[in-house]
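S.K.: In our numbering, the protein residues as written are 15 to 339. From the three backbone atoms N, C-alpha and C, an ideal C-beta is built for every residue, glycine too.
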Amino acid sequence: MKNLFFFCLLSLVLPAPVRAWGFFGHRLLNRLAVYTLPPEMLPFFKANIDYLTNNATRPDSRRTVVPTEAPRHFMDVDVYGDSALTRHGLPRAYADAVALAGGEDSLLRHGIVPWQVALIKNQLTAAFRAQDTDRILYLAADLGHYVADACVPLHTTRNYNGQLTGQRGIHALWESRLPELQATDYDLLTGQAPYLEQPTEAAWAAVARAHAAVDSVFRMEKLVSAELAEDRKFSYEQRGNQTIRVYSREFSLAYHRRLNGQVERQLRYAARLIGAFWYTCWVDAGQPDLTGLDQQPSAAAQLQAAQEAKAASAAPPTPLPGHEE
Numbered sequence: 015m016k017n018l019f020f021f022c023l024l025s026l027v028l029p030a031p032v033r034a035w036g037f038f039g040h041r042l043l044n045r046l047a048v049y050t051l052p053p054e055m056l057p058f059f060k061a062n063i064d065y066l067t068n069n070a071t072r073p074d075s076r077r078t079v080v081p082t083e084a085p086r087h088f089m090d091v092d093v094y095g096d097s098a099l100t101r102h103g104l105p106r107a108y109a110d111a112v113a114l115a116g117g118e119d120s121l122l123r124h125g126i127v128p129w130q131v132a133l134i135k136n137q138l139t140a141a142f143r144a145q146d147t148d149r150i151l152y153l154a155a156d157l158g159h160y161v162a163d164a165c166v167p168l169h170t171t172r173n174y175n176g177q178l179t180g181q182r183g184i185h186a187l188w189e190s191r192l193p194e195l196q197a198t199d200y201d202l203l204t205g206q207a208p209y210l211e212q213p214t215e216a217a218w219a220a221v222a223r224a225h226a227a228v229d230s231v232f233r234m235e236k237l238v239s240a241e242l243a244e245d246r247k248f249s250y251e252q253r254g255n256q257t258i259r260v261y262s263r264e265f266s267l268a269y270h271r272r273l274n275g276q277v278e279r280q281l282r283y284a285a286r287l288i289g290a291f292w293y294t295c296w297v298d299a300g301q302p303d304l305t306g307l308d309q310q311p312s313a314a315a316q317l318q319a320a321q322e323a324k325a326a327s328a329a330p331p332t333p334l335p336g337h338e339e
């Protein structure tokens with residue numbers, strides 16, 4: 015099983031720009047989620063594991079070309095208060111939440127990730143029911159991304175990059191730098207994913223779990239910053255043709271120790287939850303026989319993915335509202 019995890023790591027293209035779990039993390043999570051699926055689903059998903067891996071970051075790429083994309087990746091729980099996450103807090107139905115917020119713009123301003131997970135869950139269920147290979151793969155890759163985002167503590171707070179507490183850069187540190195440095199030592203294999211009796215509540219529970227970790231994310235960084243001088247906090251590394259400033263290995267590993275396995279636990283939780291959502295969509299669609307489907311995306315679907323990637327890379331890097339740093 016450990017060899018399987020190393021295979022997953024070696025199959026990834028290492029880091030690009032930071033968004034959510036980062037390029038590395040999102041690809042790793044979608045890939046690992048495939049191995050949580052039951053025997054009836056595994057052959058189809060394993061045959062398309064490269065598609066699911068390579069397109070795991072597509073929703074982040076869309077942020078540069080789709081103005082409404084950014085809010086789908088986060089939710090500022092601290093705007094509403096912790097009670098927002100309870101059953102008696104914010105409505106689970108999107109239309110009811112819009113009405114309560116006084117309009118969709120108000121809701122979008124503070125993020126809609128749990129509602130987005132529920133929306134894509136329903137769309138993927140419909141794609142399974144229609145036995146549409148292209149839609150299944152497209153939506154499964156996207157759903158994996160949004161589920162993973164719901165598991166990130168810094169996607170549940172207005173202070174998403176430490177900009178309000180003098181800790182700017184913590185977003186990349188927690189979500190990308192630590193997994194890049196430590197992933198080979200993590201145990202991320204979780205066994206078969208469960209069926210979600212209440213998938214909408216599972217999405218909200220993921221946000222609640224992530225938000226509960228926010229305090230320690232910031233507090234432990236402050237403690238390590240107090241222990242290490244500024245000239246030991248950062249270093250420079252070569253990434254492709256660029257030399258970039260990053261948190262030093264010394265600082266990153268000290269922070270990782272302070273967090274006591276938090277990043278590993280959230281990665282493991284996210285991988286299993288992605289698989290659980292895929293599995294639940296398939297069951298809710300009537301457990302269609304996947305062996306009768308086209309086993310690869312069509313040429314048209316692959317062309318669409320390439321065109322989307324080209325459009326995103328050509329778009330100017332203009333920050334869009336919503337956790338843009």
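Looking at the unbroken beta strand (DSSP E) that takes in Y250, where does it start and where does it end?
M.R.: Counting from 1 along the sequence shown, the entry for residue 250 is found at position 236. F248 to R253 is the span of the beta strand (DSSP E), which, as asked, contains Y250.
S.K.: Quick one, which of G289, Q301, E194 and V297 has its alpha-carbon nearest H270's?
M.R.: Looking up residue 270 in the sequence shown gives position 256. Of the listed residues, the one whose Cα sits closest to H270 is E194.
S.K.: Looking at the secondary structure, which residues open and close the beta strand (DSSP E) in which I258 lies?
M.R.: Mapped onto the sequence shown, residue 258 falls at position 244. I258 -> beta strand (DSSP E) spans Q256 to Y261.
S.K.: With H, G and I counted as helix, E and B as strand and the rest as coil, what does DSSP make of A220?
M.R.: Looking up residue 220 in the sequence shown gives position 206. A220: helix per DSSP, three-state reduction.
S.K.: H169: which of L138, L203, H225 and T179 sits nearest, CA to CA?
M.R.: Along the sequence shown, read from residue 1 onward, the residue named residue 169 stands at position 155. Of the listed residues, the one whose Cα sits closest to H169 is H225.
S.K.: Quick check on P31: does DSSP put it in helix, strand or coil?
M.R.: Locating residue 31 in the sequence shown gives position 17, where the first residue counts as 1. Confidence at P31 is low in this model, with a pLDDT of 41, below 50, so the placement of that residue should be treated as unreliable; the coordinate-derived value is given next. Coil, per DSSP.
S.K.: Have a look at L307 and E54 and give me their C-alpha separation to the nearest angstrom.
M.R.: Counting from one through the sequence shown, the residue named residue 307 turns up at place 293. Counting from one through the sequence shown, the residue named residue 54 turns up at place 40. Those two C-alpha atoms are separated by around 13 Å.
S.K.: What do you get for Y209, buried or exposed, if any count of 16 or more other CB atoms within 10 angstroms of its CB means buried?
M.R.: Residue mapping note: residue 209 aligns to position 195 of the sequence shown, counting from 1. Classification for Y209: exposed.
S.K.: What is the C-beta distance between S262 and R246, in whole angstroms, given that I count them as a contact (C-beta under 8 Å)?
M.R.: Here residue 262 corresponds to residue number 248 of the sequence shown, with the count starting at 1. Here residue 246 corresponds to residue number 232 of the sequence shown, with the count starting at 1. Indeed they touch by this definition, with Cβ atoms about 6 Å apart.
S.K.: Under three-state DSSP, which class holds F142?
M.R.: Sequence index remark: in the sequence shown, residue 142 carries index 128 (1-based). It is helical.
S.K.: Can you give the Cα-Cα distance for V238 and F265, rounded to whole angstroms?
M.R.: The residue given as residue 238 occupies position 224 in the sequence shown. The residue given as residue 265 occupies position 251 in the sequence shown. Rounded to the nearest angstrom, the two C-alpha atoms are 7 Å apart.
S.K.: In this structure, how does DSSP classify M234 when only helix, strand and coil are distinguished?
M.R.: The residue given as residue 234 occupies position 220 in the sequence shown. Note: M234 maps to helix in three-state DSSP.
S.K.: Can you give me the C-alpha to C-alpha distance between Q252 and I258, rounded to a whole angstrom?
M.R.: In the sequence shown, residue 252 corresponds to position 238, counting from 1. In the sequence shown, residue 258 corresponds to position 244, counting from 1. Looking at the two C-alpha atoms, the distance is approximately 6 Å.
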